[in-house]
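Residue numbering for the sequence shown follows full-length UniProt numbering, starting at 1 and increasing by one per position.
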Amino acid sequence: MHSHRQHSNFVNCVRFSPDGSKCITVSSDKKGLIYNGKTGEIVGELSHEDAHTSSIYAVSWSPDSKRIQTTIY
C-alpha cells in the first residue's frame, strides 16, 4: 500500500484498471492521477485544463484498460 499527498482536496474515487497495471484517483481538486499499479509511481495526470470544470466524483476504466471515463457535477 502506498500513501500519496498529490491531491489538494478530497479523493472521491479510486479504481484499478481491469488488467491491474494502473490505478486512478479522482478528486474534488478537479484532477485525476494515474499510478503504476505495481510501484505506485505517478505516470499521468488529468487536470481541469483537460476539460474538468468542477470536482470529479467518479471514474471508470474501459475493459481493455486503455481509456477512462470521468463524472463531474
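Virtual Cβ for every residue (Gly too), placed ideally from N, Cα, C. Just so it is clear, the structure is predicted and the values come from calculations on it, not from any experiment.
Three-state class that DSSP yields for residue i in the structure shown
| i | result |
| --- | --- |
| Arg5 | coil |
| Lys22 | strand |
| Glu41 | coil |
| Phe10 | coil |
| Ser27 | strand |
Nearest-angstrom Cα separation, counted from residue j out to residue i
| i | j | result |
| --- | --- | --- |
| Thr39 | Arg5 | 16 Å |
| Phe16 | Asn36 | 10 Å |
| Val59 | Glu41 | 19 Å |
| Gln69 | Val26 | 11 Å |
Interface flag, residue i vs chain B, CB-CB below 8 Å
| i | result |
| --- | --- |
| Thr39 | You won't find chain B in this structure, because it holds only one protein chain. |
Element boundaries [beta strand (DSSP E), containing residue i]
| i | result |
| --- | --- |
| Ser60 | 56-61 |
| Tyr35 | 32-36 |
| Thr71 | 68-72 |
Residues near residue i by beta carbon distance below 6 Å, same chain, minus five either side
| i | result |
| --- | --- |
| Tyr57 | Asn12, Thr71 |
| Cys23 | Phe16, Tyr35, Gly37 |
Cβ separation of residue i and residue j, assumed to be a contact under 8 Å, to the nearest whole Å
| i | j | result |
| --- | --- | --- |
| Lys31 | Leu46 | 6 Å |
Nonlocal neighbours in the same chain, by C-beta distance under 7 Å from residue i, ignoring five residues either side
| i | result |
| --- | --- |
| Gln20 | The residue you asked about is not Gln; residue 20 is Gly in the sequence shown. Cβ neighbours of Gly20 beyond the five flanking positions: Gly37. |
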